[in-house]
Amino acid sequence: MEIVSPVSRDEHKRFLDAYYGWARDVYDVTRRYYLLGRDVVTAQLLREPWNRLVEIGPGTGRNLRKLHAERPVALYGGIEASSAMLERARARCPWALLEEGFAEDADYRELLGAPPDRVLVSYTLSMVQDVERAIENAREMVSPRGEIVVVDFGDLRGLRGPLAPALRAWLDAFHVTPLPQGVLERHARTIEDGPLGYYRIARIPPR
Ligand SMILES: C[S@@+](CC[C@H](N)C(=O)[O-])C[C@H]1O[C@@H](n2cnc3c(N)ncnc32)[C@H](O)[C@@H]1O
Numbered sequence: 001m002e003i004v005s006p007v008s009r010d011e012h013k014r015f016l017d018a019y020y021g022w023a024r025d026v027y028d029v030t031r032r033y034y035l036l037g038r039d040v041v042t043a044q045l046l047r048e049p050w051n052r053l054v055e056i057g058p059g060t061g062r063n064l065r066k067l068h069a070e071r072p073v074a075l076y077g078g079i080e081a082s083s084a085m086l087e088r089a090r091a092r093c094p095w096a097l098l099e100e101g102f103a104e105d106a107d108y109r110e111l112l113g114a115p116p117d118r119v120l121v122s123y124t125l126s127m128v129q130d131v132e133r134a135i136e137n138a139r140e141m142v143s144p145r146g147e148i149v150v151v152d153f154g155d156l157r158g159l160r161g162p163l164a165p166a167l168r169a170w171l172d173a174f175h176v177t178p179l180p181q182g183v184l185e186r187h188a189r190t191i192e193d194g195p196l197g198y199y200r201i202a203r204i205p206p207r
């Protein structure tokens with residue numbers, strides 16, 4: 001199933017800047033409770049060998065800061081569509097090379113001087129306009145021996161009663177669409193499901 005947003009790129013960016021213009025101040029505190037699995041992914045990454053990592057949609061730079069605190073010698077970069085978030089991430093991660101761009105077609109192969117060993121996509125795929133293009137682009141950009149690491153909403157199958165539809169409706173209001181079954185399966189070499197199907201962690205190889 002293809003997921004392509006009907007809104008134009010300009011509309012998408014306008015929405016992101018208006019929304020994150022105010023939400024960035026409360027982002028890290030509030031998202032702690034529902035962007036689950038991010039710490040699982042950063043802990044996994046810190047057990048692996050890599051020197052260059054690019055995050056797609058780094059937001060406030062929360063994940064980059066966690067990684068940098070434990071592995072300060074690595075090179076970090078990011079591609080962010082929202083100017084409001086980019087401003088916040090640049091202030092918080094002065095050691096990272098952060099550029100404005102879209103997951104679907106940004107060229108970040110040489111952002112860190114060589115293709116990244118890891119491309120981290122944390123709760124960004126459920127927001128991009130064209131999921132397939134964003135994944136295909138990351139597969140082109142990552143180093144031939146590297147890996148794309150995705151964490152994002154699962155199918156929420158374990159949430160009881162009205163909880164799952166309520167969460168979906170709430171996410172929809174913020175232009176977030178949990179990835180339908182099959183999207184990650186088409187690309188990933190491994191997929192790990194979090195408790196209650198709340199989140200999924202996928203490992204995607206280079207093209
Ligand atoms: C839900 S936030 C996740 C932020 C961060 N990765 C985290 O785990 O806390 C999604 C981020 O993706 C950005 N974003 C949305 N669409 C994008 C696109 N097409 N290309 C790049 N970034 C995008 C948003 O502006 C936002 O910063």
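For the record, in the sequence shown the residue sitting at position 207 is 207 according to full-length UniProt numbering, with numbers rising by one throughout. Positions of the beta carbon are idealized from the N, C-alpha and C atoms, including for glycine. Just so we're clear, the structure is a prediction, and the values are computed from it rather than from any experiment.
Distances taken from the Cβ of Y20 to the heavy atoms of ligand 1 include one shorter than 8 Å. Approximately 14 Å separates the beta-carbon atoms of L120 and L97; this is outside 8 Å, ruling out the contact. Contact annotation: the stretch 154-164 does not touch the stretch 126-139, with fewer than three C-beta pairs closer than 8 Å. At a cut-off of 3 residues, the continuous stretches assigned as beta strand (DSSP E) that sit fully inside the stretch 46-87 are 52-56, 75-80. Between E48 and R118, the C-beta gap is smaller than 9 Å, which places the two residues in contact. Checking the 8 Å criterion, the Cβ of M141 is out of range of every heavy atom belonging to ligand 1. A direct Cα-Cα distance of roughly 33 Å separates E147 from P165. In the DSSP annotation of this structure, R160 is not part of any beta strand (DSSP E), being labelled neither H nor E. Residue state for A202 is assigned as strand, using DSSP reduced to three classes.
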